[in-house]
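Chemist:
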Amino acid sequence: MNARFLSRLTALVMATGFLLPAWGAPQIGDCPIFPQDHIWNVRVDDLPLDAQSAAYVQTIGPTKSLKADFGSGLYAGAPIGIPFVVVDQNETRRPVTFLYQEESDPGPYPVPLDSPVEGGSQSNGDRHVLVLDRSECILYELYRAFPQADGSWRADSGARFDLRSYSLRTAGWTSADAAGLPILPGLVRFDEVQAGEIQHAIRFTAPQTRRAYVWPARHFASSLTGAQFPPMGQRFRLRSDFDASGFCGQARIVLAALKKYGMILSDNGSAWYVTGAPDERWDNDCLATLSQVKGADFEAVDATPLIVSVDSGQARRGATNPSRPVLDSRSAKSDLEARRRRFADSLAGLQTLEQEGHLNLTLPIWNQDGEQNSPSNPAAPGSIVALRGEGDSGLLSLGSLAALGNCHLNEREVTVRIGGIETCIAQAELDPNSTSRSFRLRVLVPLTAVPGRVPVILRLGRFVSPPVWMYVN
Numbered sequence: 062m063n064a065r066f067l068s069r070l071t072a073l074v075m076a077t078g079f080l081l082p083a084w085g086a087p088q089i090g091d092c093p094i095f096p097q098d099h100i101w102n103v104r105v106d107d108l109p110l111d112a113q114s115a116a117y118v119q120t121i122g123p124t125k126s127l128k129a130d131f132g133s134g135l136y137a138g139a140p141i142g143i144p145f146v147v148v149d150q151n152e153t154r155r156p157v158t159f160l161y162q163e164e165s166d167p168g169p170y171p172v173p174l175d176s177p178v179e180g181g182s183q184s185n186g187d188r189h190v191l192v193l194d195r196s197e198c199i200l201y202e203l204y205r206a207f208p209q210a211d212g213s214w215r216a217d218s219g220a221r222f223d224l225r226s227y228s229l230r231t232a233g234w235t236s237a238d239a240a241g242l243p244i245l246p247g248l249v250r251f252d253e254v255q256a257g258e259i260q261h262a263i264r265f266t267a268p269q270t271r272r273a274y275v276w277p278a279r280h281f282a283s284s285l286t287g288a289q290f291p292p293m294g295q296r297f298r299l300r301s302d303f304d305a306s307g308f309c310g311q312a313r314i315v316l317a318a319l320k321k322y323g324m325i326l327s328d329n330g331s332a333w334y335v336t337g338a339p340d341e342r343w344d345n346d347c348l349a350t351l352s353q354v355k356g357a358d359f360e361a362v363d364a365t366p367l368i369v370s371v372d373s374g375q376a377r378r379g380a381t382n383p384s385r386p387v388l389d390s391r392s393a394k395s396d397l398e399a400r401r402r403r404f405a406d407s408l409a410g411l412q413t414l415e416q417e418g419h420l421n422l423t424l425p426i427w428n429q430d431g432e433q434n435s436p437s438n439p440a441a442p443g444s445i446v447a448l449r450g451e452g453d454s455g456l457l458s459l460g461s462l463a464a465l466g467n468c469h470l471n472e473r474e475v476t477v478r479i480g481g482i483e484t485c486i487a488q489a490e491l492d493p494n495s496t497s498r499s500f501r502l503r504v505l506v507p508l509t510a511v512p513g514r515v516p517v518i519l520r521l522g523r524f525v526s527p528p529v530w531m532y533v534n
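In our numbering, the protein residues as written are 62 to 534.
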């Protein structure tokens, strides 16, 4: 592999427009919802148990059911969940008067007067109002917010968060949430479930908490001091041996996130209530099946191995997986170069193009029986489907069949996800009947694929194709 080729490859990897956030930090519009290594966005399935895990579960309620505190339609005349709104630089910045001014970030806030309010405009509850300014990627959140006749807002408390940073609230300060944490990063959103995976921790509540908080929380809201009461910010996860295979699609994706990323205790409230944003596309009957999950199916984890600084939301990379040691800058650079060499070597024998690349999958998708995939002819889990696509040949490591065949997944630079689940590439080849820009793949439909319409996404190195959609029975 000559230096000119490797240089061009590196430029493609760094400059292409297909570096999509689905493979990094969660994102809304063009804004990351905190960096990928922020505590909200890191997996905790390898963390050790907290020493008080059993006591915490017993206190919250081992027989109490998990509850999706979000959904479609109305409950008591209001949308179900905590809504949010996205604005831009043209939104009017409005004054806000705070009851707890000493612990609130001063205004003005870009909060429209018709912003959706948790519980509806007539609610007498928490009345959270969440606004994301996409022009600056700043999140504004209000607690018990009321619009005023003069065009201003009145709220009990308010906070702003720079979504590109690791900054936490001042120690001891509340936010729009009791734990001093942001709310939006912990909401379950329908677009995430539709994409096949939730890649962050989920906000949840418990009836009784301790007069204490643990990282990354910054505030407590209790007078109880017993060690059996969980502190604000305590991380929990669904037990790894919990069998979620029998759950319907939307519920199964929530449960997968609770195993990988867990949930963060953020407020006092009903036991094991997880929070999401309302959306008319939620299947309330499916979400209701989450009640089959009980408190005893959860465990508290010790997040201290992740701490870089107690005053930062950044999580220590590799801390939850001993097979992935933390890298210093020199070893990280060496590792990156090794990965680039492996990637470049897989392109051997293919002609490269001078311009920057693109990568796309194309329809139709063909099932194992040779018929076209469709709502009336979905693919069976465990079957093979055939995909076609195109991309600049400088990106197509798909020609290296030895590296991709036989369903080898380890260290592979080319992956396909069906319904958010990484699956096996059984065969990959350039299309001999077309130009060198076209390729064909045969991939396995995961046994755990969610039934229904699911996205199919191809990743080649750090290049990601826009999704195409297929049907699974």
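Yeah, the Cβ is synthetic: ideal placement off N, Cα and C, and Gly gets one too. This structure is a prediction, so every number in the text was calculated from the model and none was measured.
1) Kindly identify the DSSP beta-bridge partner or partners of Thr484.
2) Only counting the same chain, and skipping five residues up and downstream in sequence, which positions put a Cβ closer than 7 Å to that of Thr350?
3) Which residue wins for smallest C-alpha separation from Leu193, given the options Val362, Pro140, Leu203 and Arg215?
4) Would Leu248 pass as a contact of Phe95 if the rule is Cβ separation under 8 Å?
5) Find the nearest neighbour of Ser437 within the set Asn428, Ile445, Gly443 and Cys485, judged by alpha-carbon distance.
6) With DSSP collapsed to three states, give me the class of Gly466.
7) Can you give the Cα-Cα distance for Ile445 and Gly480, rounded to whole angstroms?
8) Who are the near neighbours of Tyr161 in its chain, counting only those whose CB is closer than 8 Å to its CB and skipping five residues on each side?
9) Does the contact criterion of 3 or more C-beta pairs under 8 Å hold for the region 337-353 versus the region 127-136?
10) Spell out the partners DSSP gives Gly181 in its beta bridges.
11) Out of Asp372, Arg155, Gln289 and Gln295, state which residue places its alpha-carbon closest to the alpha-carbon of Arg215.
12) Which ranges does the beta strand (DSSP E) cover as unbroken runs of at least 3 residues, wholly within the region 299-335, from first to last along the chain?
13) DSSP beta-bridge partners for Ala447?
14) By the 10 Å Cβ neighbour count, where 16 or more other Cβ atoms means buried, how is Thr286 classified, buried or exposed?
15) Do you know whose CA, among Met293, Ala376, Pro528 and Ala318, lies nearest Arg250's CA?
16) Tell whether a beta-carbon distance below 8 Å holds between Trp101 and Ala262.
17) Take every Cβ of the region 358-365, pair it with every Cβ of the region 112-130, and state whether three or more of those distances are shorter than 8 Å.
18) Less than 7 Å between C-beta atoms, sequence neighbours within five positions excluded: which residues of the same chain meet that for Asp389?
19) Looking at the structure shown, is Val529 part of a helix, part of a strand, or coil, going by DSSP?
20) So what's Pro277 in DSSP terms, helix, strand or just coil?
21) Does DSSP put Arg520 in a helix, in a strand, or in coil?
22) Suppose the cutoff is 7 Å on Cβ atoms and the five residues either side in sequence are ignored; what does the same chain contact list for Gln209 look like?
23) Given that a residue counts as buried once 16 or more other Cβ atoms are within 10 Å of its Cβ, and exposed if not, what is Leu508?
24) Restricting to runs no shorter than 4 residues, where is the alpha helix (DSSP H) found entirely within the region 219-262?
25) Tell me whether Val178 is buried or exposed, calling it buried when 16 or more other Cβ atoms sit within 10 Å of its Cβ.
26) Is Glu202 helix, strand or coil when you go by DSSP?
27) Does the distance from the CB of Ala220 to the CB of Ser176 come in under 8 Å?
28) Kindly list the residues whose CB is nearer than 6 Å to the CB of Pro140, restricted to its own chain and excluding five residues on each side of it in sequence; keep chain order.
29) Where Gln88 and Ala267 are concerned, what is the direct C-alpha to C-alpha distance, given to the nearest angstrom?
30) Quick check on Val371: buried or exposed, where buried means 16 or more other Cβ atoms within 10 Å of its Cβ?
31) Would you check if the distance between the CB atom of Pro246 and the CB atom of Thr270 is smaller than 8 Å?
32) For Glu472, does the count of other Cβ atoms within 10 angstroms reach 16, so buried, or fall short, so exposed?
33) By how many angstroms is the C-alpha of Thr423 removed from the C-alpha of Ser499?
Modeler: Taking the coordinates as given:
1) Val477
2) Phe308, Cys309 and Ala312
3) Leu203
4) One thing to note: Leu248 has its Cβ no nearer than 8 Å to the Cβ of Phe95.
5) Asn428
6) Caution is warranted here: a pLDDT of 41 is assigned to Gly466, below 50, making its placement in the model unreliable, and no coordinate value can be reported.
7) 15 Å
8) Result list for Tyr161: Asp217, Ser218 and Thr235, in chain order.
9) yes
10) Paired residues: none, contrary to the question.
11) Arg155
12) 324-329
13) Trp427 and Arg503
14) exposed
15) Ala318
16) Yes, these two residues count as a Cβ contact at 8 Å.
17) Contact between the region 358-365 and the region 112-130 is present, with at least three C-beta pairs closer than 8 Å.
18) At Asp389 the pLDDT is 38, less than 50, meaning the model places this residue with poor confidence; the figure from the coordinates comes in the next sentence. The beta carbon of Asp389 is closer than 7 Å to none in its chain, skipping five residues each way along the sequence.
19) strand
20) Note: Pro277 maps to coil in three-state DSSP.
21) strand
22) Arg215
23) exposed
24) Runs found: 251-256.
25) buried
26) strand
27) no
28) Pro339
29) 27 Å
30) exposed
31) no
32) For Glu472, the predicted model reports a pLDDT of 39, less than 50, meaning its position is unreliable and no value from the coordinates is stated.
33) 10 Å
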